[in-house]
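Student: Right, I'll just put the structure down here and ask away after.
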Amino acid sequence: MTSNIFTPEEVYHFNHLSFGEALVNLEQGFEVSRQGWNGKGMSLKLLCDVSLGNFQLDPDHNEELFTLQHHMDSIILLQTSDNCMVPWCPSQTDILADDWYIHSKE
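The working numbering numbers the first residue of the sequence shown as 5 and each following residue consecutively.
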């Protein structure tokens, strides 16, 4: 039986992850955040294997003309403090930071 009691060192480590460790956790389905971000409630999510449908309407008859399927590769999304999802690309500061932590399991 595993214990959910962590040593102070383990708790410190969970709240001070490197960007590489945060990325591994993203790939495992966790949301991650940085302590250094100003906006509270901001977190990153990894979206994988997405197919997008696209259609155009005939303006004269309001009927669908055709449908296209687009595949999107994996993308990291930032959930902002006002609950919007936007594409995210790390800055050098983000990459070199060691204040990443696991926000939640998606």
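Every residue, glycine too, gets a C-beta built ideally from N, C-alpha and C. Predicted model, so just to flag it, every value in this text is computed and none were measured.
Look at S22 and W104 and say whether their C-beta atoms are less than 8 Å apart.
Tutor: Taking the first residue of the sequence shown as 1, we reach residue 22 at position 18. Taking the first residue of the sequence shown as 1, we reach residue 104 at position 100. Yes, the Cβ-Cβ distance between S22 and W104 is below 8 Å.
Student: How long is the line joining the alpha carbons of A101 and I80, rounded to whole angstroms?
Tutor: Locating residue 101 in the sequence shown gives position 97, where the first residue counts as 1. Locating residue 80 in the sequence shown gives position 76, where the first residue counts as 1. Rounded to the nearest angstrom, the two C-alpha atoms are 17 Å apart.
Student: Helix, strand or coil for Q83 per DSSP?
Tutor: If you number the sequence shown from 1, residue 83 lands on position 79. The answer is strand: DSSP assigns Q83 an E or B state.
Student: Tell me the residue span of the beta strand (DSSP E) that contains E51.
Tutor: Counted from its first residue, the sequence shown places residue 51 at position 47. Checking the displayed sequence, the identity of residue 51 turns out to be Leu instead of Glu. Per DSSP, L51 belongs to the beta strand (DSSP E) from 47-51.
Student: Could you give the first and the last residue of the continuous alpha helix (DSSP H) run that contains N29?
Tutor: Taking the first residue of the sequence shown as 1, we reach residue 29 at position 25. Unbroken alpha helix (DSSP H) run through N29: 23-31.
Student: Please say whether M89 and V54 have beta carbons closer to each other than 8 Å?
Tutor: For the purposes of this step, residue 54 is taken as residue 50 along the sequence shown, with counting starting at 1. For the purposes of this step, residue 89 is taken as residue 85 along the sequence shown, with counting starting at 1. No, the pair does not count as a contact, with Cβ atoms beyond the cut-off.
Student: Could you give the C-beta distance for S108 and E25, rounded to a whole number, given that I count them as a contact under 8 Å?
Tutor: Within the sequence shown, residue 108 is the residue found at index 104, counting from 1. Within the sequence shown, residue 25 is the residue found at index 21, counting from 1. The Cβ separation is near 16 Å, so there is no contact.
Student: Please list, in chain order, all residues of the same chain as T84 whose beta carbon is under 7 Å from its beta carbon, the five residues on each side excluded.
Tutor: The count along the sequence shown starts at 1 and reaches residue 84 at position 80. Excluding residues within five positions, the ones whose Cβ falls inside 7 Å are G43, M46, V90.
Student: Going by the CB atoms, is the gap between L50 and E31 shorter than 8 Å?
Tutor: Counting from 1 along the sequence shown, the entry for residue 31 is found at position 27. Counting from 1 along the sequence shown, the entry for residue 50 is found at position 46. Going by C-beta atoms, E31 is nearer than 8 Å to L50.
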